[in-house]
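Residue numbering for the sequence shown follows my numbering, starting at 2 and increasing by one per position. Just so you know, even glycine gets a beta-carbon here, dropped at the ideal spot from N, CA and C. What you are looking at is a predicted structure, and each value in this text was computed from that prediction instead of being measured. Below is one structure, written out as structure tokens, with a few remarks after it.
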Amino acid sequence: MCNVCPGCMPGNPGNYSGGLIAQRQPTMRNCFPYIYFVLLLICNTFCKTLLAQEDIAFAVTMKDSIIADRNADFLYNNISVINKGNQHLLLKNQLEAPEGWKLMAPAQTLNIELPPGGQQLVPVVLMKLHHAAAGWLPVVMKLSIQGLKPAVYRFYVKANPVCSFRITPLKELIQLQGNNDAIKIPVRIKNTGTVSSLYTAGFRNNRLEVNHAVTIRLKPGTDTIYTFALRLGEQVWRQLRRERISIDITDTTGVSYQQHTDLERIQHTLKERPSPYQVFPLYVESGSMQWGDQFSYFGAARGELMLGRNRLGFFYRSKQYGLGNTLEQNIFGVSYQTKKWDIYAGHLSGIRYFFTYGNGFRINYRPAGKTEISLSAVKHNRISIYKNNNVTGSIRYPLKQMSVLHAVSVDIDRAKKYNGYLLYNEVQVFSKEKISLQVNAGIGKVQSTSKRLPLREERPGGAWGYVFGYRGKHLELSSFVQYNSQFYPGLNKGLIIHMHDVNWKFGSNVVGIFYQYNHSDVTTLRDTIYNTDALKFDMARYGVRYSRNGKGTCSVSGGIMKQSQGFSGSMPEYAFMELLLKMNAGKIFSLMINATGGYNNAYGTDRKQVLVTNTNISLSRGNMGIKGYFMQMPVFDIMGHRNFLRYNQTLLVGPFAGFSFLKHIRANVYYNFSKSLYDNSISNRVGCNVSYSHPRNGLTLNCTAVLPLQSSGPAPNGLNERYVNVSVNKRFNIPLFFRKKYSTLNLISFSDVNGNGIKEPSEKPIGDLQVDINNIPFITDEKGNISYKNISQGEYQLDFRRISNIRGLVPAAGLSQRIQVKNDITVMLPFRKSRVISGNVTVSADSLGKSQFSRGNIKVTASDSSGLIYSTLTNDTGDYFLNVPAGKYVVSLNPQAFDGKIKPRQMSYVADVNRDTTVVINFEVIDKSRRIRFFNSNAK
């Protein structure tokens, strides 16, 4: 920027020349706007002003602005000073660098001597410091002649905007002893970029129910140490052994880095299970329901008993006592599972081939591989309205690359007086990542058993179908066909289904065509509220579809729908369109719209235009939001010419919210306002669901309530009545005292002075000794004892490679031992003298720096030639020692504890303790994260 035009702002890097009139410094504050733009244009090309005192004058040229590349640490600008006068000049040059930049050359104060017409080039070199900001900052140059006011020049420098940071957990492992005090987990966050950033630090562990987040703002080049204070509940503390706390740091651009810190609780007594006896878990459930003036209740229980590797289970559920119905009854079931057998007896229901409901048995046998043989039989309940009995058998086996299923089912219906027989076959021809094909075929027959009401026609009926899928890079195909004859028995009688889709993907977009057709003759299942055939309909749809997947989902389809049978409030044919929209704007909001509309422009003999629509909308933020629903269905004269009579319209809208508190309680509440626009009936209701679940004590509570506030019209079967449902589920661990299943492992450690392996009264126990049993940390008490109770029989490994408090002793039987546990056992652990590797970790920093690097809890390892690793942690002053057998070791620090600015001078050393019983290895950590100091030298 030239001084004639101080309003000029840095633009693209370019050259300009400028100077200063000694007695006058005009500014743009006194200029008109159009003059400003003219001068700005001239300034960015070539603007020259001379310093004049009689015949003394000079000119200066330089680049007006320079941007540092991402990887550039130095910027260069050549400033040219030219003597335009007739006299010899002696100029004093002073340069001032902005914050975040260091002037490397020339010296801060420089004398320039110019003869008449002479020229001198002043090369300026600036070093970008690690905290240089990504903004235009001025480099000030002052040229002065003795007795005159200095001429001031400026050029601007800017660090490239870089968003980067580094995190370092200061404690890789935190060992916990004693009571449940606050656990401190420190992490270092350093902004290594050139812009100020906001960081979100998250500490998470699902098992410990830890989910903590904090926001931290850091300027470029600065760092901070954030310490998360964790407090665990008493129940969680008792069950803590070793857990990993995930540390996730995310900046405003979405870049995230993850590290972790391990928590390890060491104790001298631990119960693997609450009892040494086998436990039978029994789940007991009870509940009650109130619907209007009706009150009912039920009870249930289930349990499971492990018999070796086999499993015996049962369940029981009572009917709803208090309701005036005869359909419900008490149900009961017993199961037994082995590696090859699954056997079940009790209540059975199914809709695989025939609808079955009653009591019976089911047996599955797996002889080898993927082969499975199944047999089931069901006898109807005496009070049930369904009077059919069923026997079904099947076998599934692999055949080369295929999977084959054969099934036979016989159904005897005493109420309807006919028997059904069918044979079903299914083959999975191939199932690969991109393409799959499955085909099926069946044959069956319905035979009447009544001489008075025989079937009009008895003949075999067939069934066939296939499922095909292909998923390529751009093309996706799916085709499903199922055709069952009207003489084919069972629930799938007369079933015809077509579902075909062809889609083409390009990027996040998908376009395709589809065809769907459904037909069924089944009338077995009915809607119990509205008493309609829920599965009896004929419908065909075909059309086109477009969808897009990105941060949200959008799908639009349209076409023709034909419906020849079904509910009375439907049209036989209409053009339809469907919209599915899902948007998620981070934490701001989420939107869901699902809308279907159909149109027929000339329906019935009166050629009436008819519109049908069904729309759902939900808008939410977090666990709160609002939802709405609108439906419009036409009603026709089904007794005459199917002329249009009226619309049935329903509107529903209301807010909802979800809450979680006290860790184990969750609640959802909502309010609904609904109105039938046909008869203007209004309904207001509030509802809620409150649940409590605690996996450790096995207690689950659930309460659901719907309370109508206002109702101006009737609803079918009491839908506007008050409804309250409460259920309680509790797990009881019942010990089987006749079956002791688990054992106790006791360890006694002592210093074996005489080397006989037997603890003498004069030999002292070893307290505070760390031992890992199957990777679970333990520590001996003051008597040298460890007790691991209620454990399974088998082999247990003892690991002593983390001994950090006993200097000069190692286990006589080795640092790794295996113990066979068949019953309660006590193992003596004698210790003998060892070799010691010790040392200290020091931190070297600049005298002006304020190093926050902690020397405590740094992991030190020693590995021998066979790969065995011995480890320990430094104490608060950086001291450590390792007990090792004689040998040669590589002693090193944990590289994950350091970053680019803080790292050891040497990461590892070699220690030979074959001859020497003690070797000292010291580590020096260099902390370069402080501000760099430079020593200025003035030019002479």
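- By the criterion of a C-beta distance shorter than 8 angstroms, N915 is surrounded in its chain by A887, G888, K889, once the five residues flanking it on both sides are discounted.
- The beta carbon of D773 lies closer than 6 angstroms to those of D800 in the same chain, with the five residues before and after it left out.
- Under the three-state reduction of DSSP, V163 is assigned to coil, being neither helix nor strand.
- Under the 8 angstroms Cβ criterion, the stretch 164 to 171 counts as touching the stretch 183 to 201, having at least three qualifying pairs.
- Membership of E235 in the alpha helix (DSSP H) is indicated by the continuous run 235 to 240.
- G222 is positioned such that its CB atom lies no closer than 8 angstroms to that of H213.
- Here A135 has A160, P162, T195, V196 as same chain residues with Cβ atoms under 6 angstroms from its own Cβ, once five neighbours each way along the sequence are excluded.
- Per DSSP, the continuous beta strand (DSSP E) segment holding F507 begins and ends at 497 to 507.
- The residue from N615, V392, R312, G544 with its alpha-carbon nearest to that of S410 is V392.
- Between the stretch 131 to 146 and the stretch 229 to 237 there are fewer than three C-beta pairs closer than 8 angstroms, too few to call the two in contact.
- Counting the other CB atoms within 10 Å of its CB gives E265 a total of 16 or more, which places it among the buried residues.
- Considering only T251, T270, Y284, D74, the residue with the shortest C-alpha distance to P696 is Y284.
- Where H695 is concerned, the enclosing beta strand (DSSP E) starts and stops at 682 to 695.
- T201 is bridged by DSSP to T216, T251.
- Taking C-alpha positions only, L149 is separated from K93 by approximately 11 angstroms.
- Distance between M625 and R167, taken at the CA atoms: about 36 angstroms.
- When only Cα atoms are considered, V125 and S872 end up about 52 angstroms apart.
- By the Cβ rule, the stretch 824 to 836 does not count as touching the stretch 863 to 879, because fewer than three pairs are nearer than 8 angstroms.
- About 32 angstroms separates the Cβ atoms of G551 and Y575, ruling out a contact at the 8 angstroms cut-off.
- In this structure, the beta-carbon distance from V61 to Y154 falls below 8 angstroms.
- Ranked by Cα distance from S385, the first of A152, K220, Q330, K676 is Q330.
- Per DSSP, the unbroken beta strand (DSSP E) holding V654 starts and ends at 645 to 662.
- When the five nearest sequence neighbours on each side are left out, the beta carbons in the same chain lying within less than 8 angstroms of the beta carbon of D74 are those of M128, K129, in order along the chain.
- The C-alpha of L122 lies about 16 angstroms from the C-alpha of L76.
- Beyond the five residues adjoining it in sequence on each side, L476 comes within less than 7 angstroms, by CB distance, of W505 in the same chain, given in chain order.
- Exclusion of the five residues before and after K676 leaves L652, I683 as the residues of its chain whose Cβ lies within less than 6 angstroms of its Cβ.
- For W465, the uninterrupted beta strand (DSSP E) segment begins and ends at 462 to 472.
- Beta-bridge partners assigned by DSSP to H520: I497, D539.
- Remark: C-beta atoms of N601 and V611 approach each other more closely than 8 angstroms.
- Annotation for F469: L438, S480 place their beta carbon closer than 6 angstroms to its own, counting only its chain and skipping 5 residues before and after.
- Comparing C-alpha distances from E458 to each of Y471, R243, A863, Y419 shows the shortest one belongs to Y419.
- Residues of the same chain with a CB within less than 7 angstroms of the CB of T225, apart from the 5 flanking positions on each side, are I190, I217, L219 in chain order.
- Rounded to whole angstroms, the separation of the alpha carbons of L702 and I666 is 9 angstroms.
- Its chain contains G445, G462, A464 as the residues whose beta carbon lies nearer than 6 angstroms to that of Y489, once the 5 sequence neighbours on both sides are disregarded; these appear in chain order.
- In the structure shown, the three-state DSSP call for P831 is strand.
- Put simply, the backbone Cα of D412 is about 11 angstroms away from that of L492.
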